[in-house]
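**Student:**
Protein chains: 2
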Amino acid sequence: MKIKIGIVDDHQLFLKSLALMLNSFDNCEVILDALSGAELQQKLTAPNQEQPDIMLLDVNMPGTDGVVTAKWLHTNYPAIKVSALSMNDSDKSIISMLQAGCCAYLLKDMNPTDLETALEEIYKKGYYNADASNINFRRLIIAKQEEEKLNITEKEQRFLQYACSDMTYKQIAGEMNLSERTIDGYREALFAKLNVQSRVGLAMEAIRRGIVRI
Amino acid sequence: MKIKIGIVDDHQLFLKSLALMLNSFDNCEVILDALSGAELQQKLTAPNQEQPDIMLLDVNMPGTDGVVTAKWLHTNYPAIKVSALSMNDSDKSIISMLQAGCCAYLLKDMNPTDLETALEEIYKKGYYNADASNINFRRLIIAKQEEEKLNITEKEQRFLQYACSDMTYKQIAGEMNLSERTIDGYREALFAKLNVQSRVGLAMEAIRRGIVRI
DNA sequence: CATACATACCGTATAAATCCCGTATTTTAT
DNA sequence: ATAAAATACGGGATTTATACGGTATGTATG
Numbered sequence: 007m008k009i010k011i012g013i014v015d016d017h018q019l020f021l022k023s024l025a026l027m028l029n030s031f032d033n034c035e036v037i038l039d040a041l042s043g044a045e046l047q048q049k050l051t052a053p054n055q056e057q058p059d060i061m062l063l064d065v066n067m068p069g070t071d072g073v074v075t076a077k078w079l080h081t082n083y084p085a086i087k088v089s090a091l092s093m094n095d096s097d098k099s100i101i102s103m104l105q106a107g108c109c110a111y112l113l114k115d116m117n118p119t120d121l122e123t124a125l126e127e128i129y130k131k132g133y134y135n136a137d138a139s140n141i142n143f144r145r146l147i148i149a150k151q152e153e154e155k156l157n158i159t160e161k162e163q164r165f166l167q168y169a170c171s172d173m174t175y176k177q178i179a180g181e182m183n184l185s186e187r188t189i190d191g192y193r194e195a196l197f198a199k200l201n202v203q204s205r206v207g208l209a210m211e212a213i214r215r216g217i218v219r220i
Numbered sequence: 007m008k009i010k011i012g013i014v015d016d017h018q019l020f021l022k023s024l025a026l027m028l029n030s031f032d033n034c035e036v037i038l039d040a041l042s043g044a045e046l047q048q049k050l051t052a053p054n055q056e057q058p059d060i061m062l063l064d065v066n067m068p069g070t071d072g073v074v075t076a077k078w079l080h081t082n083y084p085a086i087k088v089s090a091l092s093m094n095d096s097d098k099s100i101i102s103m104l105q106a107g108c109c110a111y112l113l114k115d116m117n118p119t120d121l122e123t124a125l126e127e128i129y130k131k132g133y134y135n136a137d138a139s140n141i142n143f144r145r146l147i148i149a150k151q152e153e154e155k156l157n158i159t160e161k162e163q164r165f166l167q168y169a170c171s172d173m174t175y176k177q178i179a180g181e182m183n184l185s186e187r188t189i190d191g192y193r194e195a196l197f198a199k200l201n202v203q204s205r206v207g208l209a210m211e212a213i214r215r216g217i218v219r220i
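In order, the protein sequence lines correspond to chains P and H.
Sequential numbering of the first sequence, starting at 7, is according to the working numbering.
Sequential numbering of the second sequence, starting at 7, is according to the working numbering.
(1) In chain order, what residues of the same chain lie with their CB nearer than 7 Å to the CB of Gln18/H, ignoring the 5 residues before and after it?
(2) Could you check the C-alpha separation between Asn54/H and Leu38/H for me, to the nearest Å?
(3) Are at least three pairs of beta-carbons, each pair with one atom in the region 191–199 of chain H and one in the region 158–171 of chain H, less than 8 Å apart?
(4) Return the CA-CA distance between Asn140/H and Leu79/P, expressed in angstroms with no decimal places.
(5) Kindly identify the DSSP beta-bridge partner or partners of Gly12/H.
(6) Skipping 5 residues on each side, what residues in its chain have a beta carbon closer than 7 Å to that of Tyr133/H?
(7) Spatial neighbours of Lys114/P within its chain, please: C-beta separation below 6 Å, excluding the five flanking residues on both sides.
(8) State yes or no: is the beta carbon of Asp115/P nearer than 7 Å to at least one beta carbon in chain H?
(9) So, does the CB of Cys108/H fall closer than 7 Å to a CB anywhere in chain P?
(10) Taking only beta-carbon atoms, is Ser207/H less than 7 Å away from chain P?
(11) If we ignore side chains and look at the alpha-carbon of each, how far apart do Thr174/P and Ala44/P end up?
(12) Distance check for Glu181/H and Leu112/H, CA to CA, integer angstroms please.
(13) List the endpoints of the continuous alpha helix (DSSP H) containing Tyr175/P.
(14) Is the beta carbon of Ile88/P sitting closer than 7 Å to the one on Leu46/P?
(15) On a CA-only basis, which of Arg219/P, Met210/P, Glu122/P is nearest Tyr10/P? Give me that one, please.
(16) Report all residues from its chain with a CB closer than 7 Å to the CB of Ile128/H; omit the five preceding and five following residues, and keep chain order.
(17) Suppose contacts are defined by Cβ-Cβ distances below 7 Å. Is Val218/P in contact with Glu211/P by that definition?
(18) Suppose you measure from the CA of Asn183/H to the CA of Leu104/H; what does that come to, to the nearest Å?
(19) By how many angstroms is the C-alpha of Thr81/P removed from the C-alpha of Pro58/P?
(20) Shorter than 6 Å, the distance from the beta carbon of Asp59/P to the closest heavy atom of the ligand ADP, or not?
(21) Can you pull out the residues from the region 12–36 of chain P whose beta carbon lies closer than 7 Å to at least one beta carbon of chain H?
(22) Looking only at DSSP bridge pairs, what is Phe87/H linked to?
(23) Say whether chain P places a C-beta atom closer than 7 Å to the C-beta of Ser99/H.
(24) Return helix, strand or coil for Ser99/H, following the three-state DSSP convention.
(25) Just to confirm, is the Cβ distance from Leu91/P to Leu62/P under 7 Å?
(26) At a Cβ cut of 9 Å, what residues of the region 74–93 of chain H count as close to chain P, listed as they run along the chain?
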């Protein structure tokens with residue numbers, strides 16, 4: 007009995023060629039593939055669809071991303087072992103993926119033999135921890151916690167978005183329907199939280215930490 | 007006689023599985039693969055190394071990147087038809103790759119059948135233009151030219167780097183061993199070139215356009 | 001009820017950023 | 001050789017940003 011595998015990745019070429027590779031392994035068999043989280047949900051909920059043992063999930067996808075899809079799978083198909091499959095180890099969402107119910111985090115630059123080993127281990131033990139791959143989990147967990155304990159409020163978040171623009175504080179205040187003094191307070195609070203001394207520093211930190219996207 | 011293909015991509019899993027896929031095509035044969043531009047140079051210059059007809063080159067690689075490698079191939083192995091193979095069409099380096107001598111720009115989310123067609127066309131005609139894929143060349147060329155005609159000097163570039171930090175202009179002036187007035191001039195020039203009104207706007211534009219990395 | 005806490009706000013002082021005026025030197029082009 | 005352009009710098013005016021001290025209000029909590 008081969009290990010039944012599902013793959014989700016938005017890059018068709020990678021998706022199909024990885025499927026080929028997995029099928030070439032003695033004990034693997036790709037029974038499901040999808041180009042997006044939405045397509046996966048559609049296919050998996052279809053009648054007579056066989057359930058995979060392991061689901062390989064790309065993290066960075068347009069639309070329903072890896073984290074959302076992982077949570078959905080973990081909730082609706084707890085029997086499927088979900089593993090993230092990402093480009094780089096600096097990916098901030100490693101912890102998010104593990105928290106979302108992934109039992110492994112595999113990298114796209116691993117070699118095929120290791121992948122085969124990993125899949126077998128996930129199938130048998132239910133998890134796989136790539137000590138070999140230099141993912142520093144401790145550092146990542148700390149970084150995530152630091153980010154969470156910042157506790158940026160919705161208003162601050164909204165202000166931060168405006169602060170990362172060409173607008174003056176007066177204009178921002180007008181846009182947010184608040185007094186200049188009020189957003190003054192937001193600024194001070196954020197300066198302290200992000201440990202900066204100027205608006206440029208604030209904007210840079212917000213972008214660096216991914217709090218604001220430009 | 008099969009088309010001889012070389013692949014360069016830093017993600018081992020993609021590299022190896024794509025090789026598998028290409029080998030499964032009737033008229034293709036992967037005779038060379040490498041995880042980096044440096045490895046390619048090493049392998050290609052080795053004695054008795056067969057030369058591929060087509061080289062598929064990943065654009066985003068650490069170390070010797072796609073553009074550099076493409077130029078090297080174009081200079082030293084002009085007979086090899088080089089094609090870029092990238093993640094996304096928003097990639098600014100499309101034009102750079104074509105200027106570096108690539109005869110095609112393929113996307114990783116194309117489907118296998120189209121890839122086979124593209125490779126045959128590159129082999130026969132020497133080039134491939136994916137009208138089907140929605141790469142807007144005109145827009146890209148214009149964007150590149152706009153960027154080039156900005157003509158940002160080295161000093162301005164250096165100032166821009168400092169401007170994207172928590173430092174005051176006084177501190178920047180000190181760091182660059184220039185008067186405050188002088189960097190004042192840089193600021194004004196950059197405001198005009200990037201069409202912004204404030205330092206935050208300047209920093210944002212610099213990052214958005216990839217002039218400064220953070 | 002009293003207390004704490006977050007939110008929204010005001011005045012004012014100082015520092016920084018922005019803008020406008022002008023000049024001297026060096027580089028580049030004709 | 002000389003004009004044009006780029007580079008570096010200065011004084012000073014105005015606007016914006018930053019810092020600090022204090023107030024009022026609603027909400028939650030012991």
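C-beta: ideal position from N, C-alpha, C; glycine also.
**Tutor:** Let me spell this out:
(1) Leu41
(2) 12 Å
(3) yes
(4) Residue placement at Asn140/H is flagged as unreliable, the pLDDT there being 49, under the threshold of 50; the coordinate-derived value follows with that caveat. Rounded to the nearest angstrom, the two C-alpha atoms are 32 Å apart.
(5) Leu38/H, Met61/H
(6) Cys109, Ala110
(7) Met93
(8) yes
(9) no
(10) According to the sequence displayed, residue 207/H carries Gly and not Ser. Yes, its Cβ sits closer than 7 Å to a Cβ of chain P.
(11) 41 Å
(12) 44 Å
(13) 175–182
(14) This sequence places Val at residue 88/P; Ile is not what is there. No; because the gap between Cβ atoms is not below 7 Å, this pair is not in contact.
(15) As written in the sequence, residue 10/P is Lys, which differs from the Tyr given in the question. Here the closest residue by C-alpha is Glu122/P.
(16) Ile60, Lys87, Ser89, Cys109, Ala110, Tyr134
(17) no
(18) 40 Å
(19) 15 Å
(20) Among the components modelled here there is no ligand, and therefore nothing to report on the ligand ADP.
(21) Asp16, His17, Gln18, Leu19, Phe20, Lys22, Ser23, Leu24, Leu26, Met27, Ser30
(22) The amino acid occupying residue 87/H in the given sequence is Lys; Phe does not appear at that position. Partner(s): Ile60/H.
(23) no
(24) helix
(25) yes
(26) Leu91, Met93
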